[in-house]
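A.B. asks:
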Amino acid sequence: MLGEPRIEVDSCESTQALLDVSMPEGALAVADHQTAGRGRLGRSWEAPPGTALLCSLLLKPPQERAAPELSLVAGVAVADTLERSTGLAIQLKWPNDVMLRRRKVAGCLAEAYDDAVVLGIGVNVNQRSEQLPERAGSLRSLTGREWDRGELLASLLTDLELRYTEWLGNGLDAVYEGLAPRDFLRGRQVSVNGTSGVAVKIDRDGKLEIAVGHGEVVKVASGEVVYER
Numbered sequence: 185m186l187g188e189p190r191i192e193v194d195s196c197e198s199t200q201a202l203l204d205v206s207m208p209e210g211a212l213a214v215a216d217h218q219t220a221g222r223g224r225l226g227r228s229w230e231a232p233p234g235t236a237l238l239c240s241l242l243l244k245p246p247q248e249r250a251a252p253e254l255s256l257v258a259g260v261a262v263a264d265t266l267e268r269s270t271g272l273a274i275q276l277k278w279p280n281d282v283m284l285r286r287r288k289v290a291g292c293l294a295e296a297y298d299d300a301v302v303l304g305i306g307v308n309v310n311q312r313s314e315q316l317p318e319r320a321g322s323l324r325s326l327t328g329r330e331w332d333r334g335e336l337l338a339s340l341l342t343d344l345e346l347r348y349t350e351w352l353g354n355g356l357d358a359v360y361e362g363l364a365p366r367d368f369l370r371g372r373q374v375s376v377n378g379t380s381g382v383a384v385k386i387d388r389d390g391k392l393e394i395a396v397g398h399g400e401v402v403k404v405a406s407g408e409v410v411y412e413r
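Numbered continuously in the numbering used here, the sequence shown closes out at residue 413.
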């Protein structure tokens, strides 16, 4: 069961650091505030105390499952939760961002170790617009109301357990129906790792397909996306 045992703290450097691979699968760390929250590519994740949903989960998938796919699996679960809660359409920006009204409201970070993956999830919940980075949004700033972070976490754990179980059984293909229709980059001009073109889709292996011209499509496994807004 995801979410047990649970570690809850008022403040920490990062919830990722509160979990150890010796703990049982499903262990959860939650914080009201992070002083050194981590995003992809070494970026920081900052939010005023008590405004964001900040958590990490310890997962132990079998080696035949590709751990990097967990960022996409988690993104689908976050989108499920936020769509059901807000009634608004949620999109997923490959490889790990969750978008609402063209603004990033959440991110997922899967860090792989020898026998485990620590999955970090951050959701901007009750920040005001002036408390957010450029091009980011929060549920509050985009819906005009405050949200209960505890209720969102409970819903997220339920959705994540479902999507994780599906993924364990049949890989990314099992959650693809929750991924492909939410593809934020599809049809946009993008550049990833020096490859530029039009984003075609996220394929069933979690790679981003980019049409680079003359009928050629390049598949990118990871990287930083620059896209035409």
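For each residue, glycine too, the CB sits at the ideal point set by N, CA and C.
#1: By the 10 Å Cβ neighbour count, where 16 or more other Cβ atoms means buried, how is residue 314 classified, buried or exposed?
#2: Figure out for me which residue from 388, 399, 381, 398 has the closest Cα to the Cα of residue 409.
#3: So the candidates are 359, 406, 358; which of them puts its Cα closest to the Cα of residue 375?
#4: Would you kindly check if the distance between the Cβ of residue 310 and the Cβ of residue 173 is under 8 Å?
#5: What are the boundary residues of the beta strand (DSSP E) that residue 281 is part of?
#6: Nearest CA to the CA of residue 263: which residue from 367, 390, 320?
#7: Considering only their Cβ atoms, is the gap separating residue 359 from residue 257 smaller than 8 Å?
#8: Once DSSP output is grouped into helix, strand and coil, what is the label at residue 272?
#9: Is it buried or exposed for residue 350, if we count other Cβ within 10 angstroms and need 16 for buried?
#10: Give the DSSP bridge partners of residue 400, in chain order.
#11: Report yes if the C-beta distance between residue 254 and residue 214 is below 8 Å; otherwise report no.
#12: Between residue 294 and residue 339, what straight-line distance do the alpha-carbon atoms span, to the nearest angstrom?
#13: Between the C-alpha atoms of residue 272 and residue 202, what's the straight-line distance to the nearest angstrom?
#14: Would you decide whether residue 383 is buried or exposed? Buried here means 16 or more other CB atoms lie within 10 Å of its CB.
C.D. replies: Put simply:
#1: Stepping through the sequence shown from its first residue, residue 314 is reached at position 130. Exposed: under 16 other Cβ atoms inside 10 Å.
#2: Numbered from its first residue, the sequence shown carries residue 409 at position 225. The shortest Cα separation from residue 409 among 388, 399, 381, 398 belongs to 381.
#3: Here residue 375 is taken as the residue at index 191 of the sequence shown, counted from 1. Nearest option by C-alpha distance: 406.
#4: Shown here, the chain extends from 185 to 413; a query on residue 173 therefore has no answer.
#5: Position 97 of the sequence shown, counted from the first residue, corresponds to residue 281. First-last of the beta strand (DSSP E) with residue 281: 281-284.
#6: Mapped onto the sequence shown, residue 263 falls at position 79. Of 367, 390, 320, the residue nearest in Cα terms is 367.
#7: As a first step, residue 257 must be located in the sequence shown, where it is residue number 73. As a first step, residue 359 must be located in the sequence shown, where it is residue number 175. Yes.
#8: Taking the sequence shown and counting its residues from 1, one reaches residue 272 at position 88. Reduced to three states, the DSSP call for residue 272 is coil.
#9: The residue given as residue 350 occupies position 166 in the sequence shown. Result: buried.
#10: The sequence position of residue 400 within the sequence shown is 216, counting from 1. According to DSSP, which records beta bridges pairwise, residue 400 is partnered with 397.
#11: If you number the sequence shown from 1, residue 254 lands on position 70. If you number the sequence shown from 1, residue 214 lands on position 30. No, these two residues do not count as a Cβ contact at 8 Å.
#12: Counting from 1 along the sequence shown, the entry for residue 294 is found at position 110. Counting from 1 along the sequence shown, the entry for residue 339 is found at position 155. Distance between the alpha carbons of residue 294 and residue 339 is about 20 Å.
#13: Taking the first residue of the sequence shown as position 1, residue 272 is located at position 88. Taking the first residue of the sequence shown as position 1, residue 202 is located at position 18. Roughly 33 Å separates the two Cα atoms.
#14: Taking the sequence shown and counting its residues from 1, the one referred to as residue 383 is at position 199. Flag for residue 383 reads buried.
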